[in-house]
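Asker:
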Amino acid sequence: MKYSIIALLLLFTVSVNAQFKSARLQALGLTCAMCSNSITKSLKTIPFIETIDVDLKNTSYDLKFKEGAEVDFDMIRKKVESAGFSVGALTVVADFKDLKVKNDALVKLGGQLFHFVGIKEQVLNGEQQLQIINKFFVPQKEVKKYQSLSKSEILKTEKAGAEGKGLGVDAAARVFNVTI
């Protein structure tokens with residue numbers, strides 16, 4: 007039985023290298039150009055961001071990441087919050103090569119863990135968008151919407167738990183819940 011559980015976990019966990027290229031950040035709470043400027047100044051202090059293009063009309067920011075840089079999505083969120091606002095959505099673009107994913111798959115990408123939620127089994131190739139659906143990255147009602155689509159505790163805890171063993175990571179490791 008123990009070996010069956012381990013084999014099952016290995017089926018749902020994959021480790022690959024992926025390059026994060028860019029992201030689109032939707033900020034909440036902006037009322038004027040000065041608000042947008044405050045977020046832009048805060049984001050400019052992040053070392054892995056190469057360029058920032060602001061869309062005031064849609065209160066969004068297109069972020070281009072430096073090639074080969076380690077991207078920290080929590081740092082992006084914290085910089086927005088330190089400017090006095092919150093993240094409404096964060097969609098990242100990553101480059102994939104033959105990555106098989108399905109609902110509740112746990113994957114290691116660019117040194118970070120990602121739990122796929124609400125998707126059909128598929129193979130990711132080339133540039134693909136992933137929307138981060140963790141708490142504080144989308145409104146709470148969005149988080150609740152995805153809870154019915156996952157049987158994994160990862161969606162609630164945002165930690166690898168026992169499922170991370172297949173990737174050789176600590177149970178307390180941070181996980182980003184994503185959908186396509």
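The sequence shown runs 7 to 186 under the working numbering.
Note that CB positions come from ideal geometry on N, CA and C, so glycine has one too.
Does the segment 129-149 come close enough to the segment 88-96 that 3 or more CB-CB pairs lie under 8 Å?
Answerer: yes
Asker: Pop quiz: Arg131 and Phe91 are said to be a contact at Cβ under 8 Å. What is the actual Cβ separation, rounded to whole angstroms?
Answerer: The question names Arg, but residue 131 is Asn in the sequence shown. Rounded, the Cβ-Cβ distance is 35 Å, inconsistent with contact.
Asker: Enumerate in chain order the residues of its own chain whose CB-to-CB distance from Lys162 is below 8 Å, with the five nearest sequence positions on each side excluded.
Answerer: Gln153
Asker: Let me know the secondary structure DSSP gives Gly167 once reduced to three states.
Answerer: In the structure shown, the three-state DSSP call for Gly167 is helix.
Asker: Taking CB distances under 7 Å as the criterion, tell me whether Thr97 reaches chain D.
Answerer: This model lacks chain D altogether, as it is built from one protein chain only.
Asker: I'd like to confirm the pairing. Which residues does DSSP put opposite Phe71 in its beta bridges?
Answerer: Ile55
Asker: Based on the DSSP output, what are the partners of Ser257 in its beta bridges?
Answerer: This structure leaves residue 257 out entirely; the chain is present only between 7 and 186.
Asker: Restricting to runs no shorter than 3 residues, where is the beta strand (DSSP E) found entirely within the segment 96-177?
Answerer: 112-115, 118-122, 128-138
Asker: Phe79 by DSSP, collapsed to three states: which one?
Answerer: In the three-state reduction of the DSSP assignment, Phe79 falls in the helix class, which pools H, G and I.
Asker: If contact is defined by three or more beta carbon pairs under 8 Å, each pair taking one atom from either stretch, is the segment 79-89 in contact with the segment 40-54?
Answerer: Short answer: they touch.
Asker: Nearer than 6 Å: is that true of the beta carbon of Tyr152 relative to any heavy atom of the ligand SAM?
Answerer: Summarising the ligand content, the structure contains no ligands, and the ligand SAM is consequently not present.
Asker: Relative to the alpha-carbon of Lys171, which residue among Glu56, Ala100, Asp68, Leu112 has its alpha-carbon at the smallest distance?
Answerer: Leu112
Asker: So, helix, strand or coil for Lys27, using DSSP?
Answerer: Three-state DSSP puts Lys27 in a strand.
Asker: In whole angstroms, give me the CA-to-CA distance for Ile160 and Cys41.
Answerer: 34 Å
Asker: May I ask which residues mark the beginning and end of the beta strand (DSSP E) holding Thr185?
Answerer: For Thr185, the enclosing beta strand (DSSP E) stretches over residues 181-185.
Asker: Would you call the segment 175-186 in contact with the segment 118-126, where contact means no fewer than 3 C-beta pairs closer than 8 Å?
Answerer: yes
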